[in-house]
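Quick note on numbering: the sequence shown equals residues 0 to 158 in numbering that gives the first Met the number 0.
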Amino acid sequence: MLIINTSSPDETEAVGAGLGSIVSPGDILCLNGDLGAGKTCFARGVARGLDIKEPVTSPTFTLINEYQGRIPFYHFDVYRLGGPEEMDDLGYEEYFYNGGVTLLEWAELVLDVLPGERLDIFLETAPENPDRRKIVLLPYGEHYVHLAEELMNRVCPGN
């Protein structure tokens, strides 16, 4: 487990951009956190790191937004799903295993369909300051361990 602290939405987005700049085709990024924790802000950063120029918004009502950058980016928001079984209706496997980067907001709601190897990202708001975030990286699998370590080296050099 690795921890990054940010003090503003811009810093949270910058951490996402750092991650987006080093992800590979097929990577699965699972965002978790309460409402207002910064999941969409972080996702915008990942998109920026993937060289996506169009505005990135939460796909709360569409469930999936697709963007083209240096790697295709599939942005899921599964908050409104009734459970992991509804992921089948979305054709999630086509996204997970199609050579793009998949980012899921509210990933904890569909744990049963997530691959064993992935990067879980937990965003927490600091109670004393609503702009501060604690970003916890929990990698599953050697690739994701290296990815999380590389992100730490880029955004927190020397730690």
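Just so it is clear, CB atoms sit at the ideal spot from N, CA and C, and this is done for glycine as well.
Note that the structure is a prediction, hence the values are computed from the model and not measured.
With 16 other CB atoms within 10 Å as the buried threshold, where does residue i fall?
| i | result |
| --- | --- |
| GLU93 | exposed |
| TYR91 | buried |
| PRO126 | exposed |
| LEU34 | exposed |
| ASN31 | buried |
| TYR66 | buried |
Would you report the Cα separation of residue i and residue j, rounded to the nearest angstrom?
| i | j | result |
| --- | --- | --- |
| LEU118 | ASP130 | 24 Å |
| GLU73 | GLU141 | Contrary to the premise, residue 73 reads as Tyr rather than Glu in this sequence. The alpha-carbon atoms of TYR73 and GLU141 are separated by roughly 23 Å. |
| GLU123 | ALA42 | 15 Å |
| ILE51 | THR39 | 15 Å |
| PRO54 | ASP111 | 31 Å |
| LEU150 | GLY99 | 19 Å |
Going by CA-CA distance only, name the one from the options that's closest to residue i.
| i | options | result |
| --- | --- | --- |
| SER20 | LEU49, LYS38 and ARG153 | LEU49 |
| ASP76 | VAL55, GLU104 and LEU108 | GLU104 |
| GLY115 | GLY15, LEU28 and THR61 | LEU28 |
| GLY37 | ASN64, ASN4 and ASP26 | ASN4 |
| ARG79 | GLY68, GLY44, SER57 and TYR96 | SER57 |
With residue i and residue j assumed to form a contact (beta carbons below 8 Å), what rounded beta-carbon distance in angstroms separates them?
| i | j | result |
| --- | --- | --- |
| VAL135 | MET0 | 6 Å |
Worksheet item: Do the region 4 to 11 and the region 80 to 89 make contact, defined as three or more Cβ pairs closer than 8 Å?
Response: They do not touch, by the three-pair rule.
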